[in-house]
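In our numbering, the protein residues as written are 62 to 232.
Everything on this sheet refers to the single structure shown next.
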């Protein structure tokens, strides 16, 4: 249910009745066998988020259906990450960007060439909040760019380092 949101070990411990050390070992084991992927949170909020490696499995295990935006985030996580992970010669770190002020970039990639933030949106009719999040990210990471991806066909360069583009062009 909480895929892509900061992991709350206290809540997880209460709900599962499993000790912290055992929880950490179980999460490590699930990551080692490619069931989940732990992603660091950067910005003024710290911690980790968990993504399932397989979207179908994640949806099957949920008791509530994910929103379209949650599905788009996971879709981009799975498909764009593969382009970085399996490219030889480029060690790429993946992270999520969150601030206490509400700025949110769900997927970030950092390698020797720079930093790329991915912000999938269901609808781009009102981009004010997305642009605020993108500007916060761009200020934090000097050699960075942000892609706002959506299911439609609209493509616009909003700033020199901020592009709104159809998701189909990148995944």
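Note that the Cβ used here is the ideal one computed from N, Cα and C, for glycine as well.
8 Å Cβ cutoff met for residue i and residue j
i, j, result
"residue 148", "residue 62", "no"
"residue 155", "residue 185", "no"
"residue 135", "residue 178", "no"
"residue 188", "residue 207", "no"
"residue 113", "residue 97", "yes"
Continuous beta strand (DSSP E) stretch holding residue i: start and end
i, result
"residue 202", "Residue 202 -> no beta strand (DSSP E), and no H or E assigned at all."
"residue 112", "108 to 113"
Neighbour-count burial assignment, residue i, 16 or more Cβ in a 10 Å radius
i, result
"residue 76", "exposed"
"residue 221", "exposed"
"residue 218", "exposed"
"residue 128", "exposed"
"residue 164", "buried"
"residue 126", "exposed"
"residue 157", "buried"
"residue 89", "exposed"
Rounded Cβ spacing between residue i and residue j (contact assumed at less than 8 Å)
i, j, result
"residue 159", "residue 104", "5 Å"
"residue 205", "residue 176", "4 Å"
Run of the alpha helix (DSSP H) containing residue i, from where it starts to where it stops
i, result
"residue 76", "70 to 77"
Counting only runs of 4+ residues fully inside the segment 119 to 167, write out the alpha helix (DSSP H) ranges in chain order. 129 to 146
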